[in-house]
């Protein structure tokens, strides 16, 4: 379980009121020194932008005992090995990219279709053997998607549709650090 005090400190100030929420630069200035083991891109893209989802879905992960590395993965590895308990939602987002012109013209849809990859790395967890959600359901393996559901859905649809893709895509890998 993530340290409760640290969890409170990770919350963007005034996150309940979007008009008063702490700005990203102020957030990074305040929070980054508290968690030098979490890269600023991960703080920005996952914890700050998706605070409520992070808190409700992932706060059981003790991030102080994990390390993040940014890697480049081939498309096939992402499609074949990254899993989520929300795959039906991911597939729906992919279908929307294929069939909805507004989604195709969205900033993310256009960026991915024109660049053949995503603008920011997705974030995946390498679950330890036997790891589970607090409700007892096992975490997906070999890689559990933490952040990037739209991007993964779009990428999977682009593969199915034969869209032009980069050979590799950036991925943040979150791995548990064994106790010494």
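In my numbering, the protein residues as written are 125 to 304. For every residue, glycine included, the Cβ atom is placed at its ideal position computed from N, Cα and C.
Under 8 Å, do residue 288 and residue 233 count as touching if we go by C-beta distance?
-> Position 164 of the chain shown holds residue 288. Position 109 of the chain shown holds residue 233. No, the pair does not count as a contact, with Cβ atoms beyond the cut-off.
By how many angstroms is the C-alpha of residue 181 removed from the C-alpha of residue 257?
Within the chain shown, the letter at position 133 stands for residue 257. Within the chain shown, the letter at position 57 stands for residue 181. Residue 257 and residue 181: Cα-Cα distance of roughly 9 Å.
Handout entry: residue 279 in three-state terms, based on DSSP
Key = Locating residue 279 in the chain shown gives position 155, counting from the first residue. Helix, per DSSP.
**8 Å contact criterion, which residue 203 and residue 246 should meet: CB distance rounded** = Along the chain shown, read from residue 1 onward, the residue named residue 203 stands at position 79. Along the chain shown, read from residue 1 onward, the residue named residue 246 stands at position 122. Not confirmed; about 12 Å, so no contact.
| request: Can you check the region 221–287 for any beta strand (DSSP E) of at least 3 residues that lies completely inside it and give the ranges in chain order? | output: Under the rule that a run must span 3 or more residues, the beta strand (DSSP E) segments found entirely inside the region 221–287 read 246–250 and 267–271.
Helix, strand or coil: which one does DSSP assign to residue 214? Taking the chain shown and counting its residues from 1, one reaches residue 214 at position 90. Helix, per DSSP.
(message) Can you list, in chain order, the residues of its chain with a C-beta nearer than 6 Å to that of residue 266? Leave out the 5 residues immediately preceding and following it.
(response) The residue labelled residue 266 in the question sits at position 142 within the chain shown. Only 205 meet the Cβ criterion.
Next on the checklist: If you reduce the DSSP assignment to three classes, tell me which class residue 191 lands in.
Outcome noted: Taking the first residue of the chain shown as 1, we reach residue 191 at position 67. Residue 191 falls in the strand class under three-state DSSP.
message = Please return the same chain residues whose Cβ sits closer than 6 Å to the Cβ of residue 144, not counting the five positions on each side in sequence.
response = Position 20 of the chain shown holds residue 144. Excluding positions up to five away in sequence, the list reads 138.
Using the three-state DSSP reduction, which class does residue 129 fall into: helix, strand or coil?
Along the chain shown, read from residue 1 onward, the residue named residue 129 stands at position 5. It is helical.
- Item | Endpoints, alpha helix (DSSP H) assigned at residue 155 | In the chain shown, the residue the question calls residue 155 occupies position 31. Element bounds for residue 155: 148–155.
Beta-bridge pairing of residue 297 - partner residues as DSSP gives them: Translated into the one-based positions of the chain shown, residue 297 becomes position 173. Looking at the DSSP assignment, residue 297 forms a beta bridge with 193 and 248.
Does the beta-carbon of residue 271 have 16 or more other beta-carbons within 10 angstroms, so that it is buried, or is it exposed? By one-based count along the chain shown, residue 271 stands at place 147. Result: buried.
Problem - Pair within 8 Å by beta-carbon distance, residue 219 and residue 281 - result: Within the chain shown, the letter at position 95 stands for residue 219. Within the chain shown, the letter at position 157 stands for residue 281. It is a contact, given that the beta carbons lie within the stated cut-off.
Q | With 16 other Cβ atoms within 10 Å as the buried cut-off, status of residue 178 | A | The residue you call residue 178 lines up with position 54 of the chain shown. The residue is buried, with at least 16 neighbouring Cβ atoms inside 10 Å.
Residue 155 versus residue 173: straight-line alpha-carbon distance, rounded: Walking along the chain shown from the start, residue 155 turns up at place 31. Walking along the chain shown from the start, residue 173 turns up at place 49. For residue 155 and residue 173, the distance between alpha carbons rounds to 14 Å.
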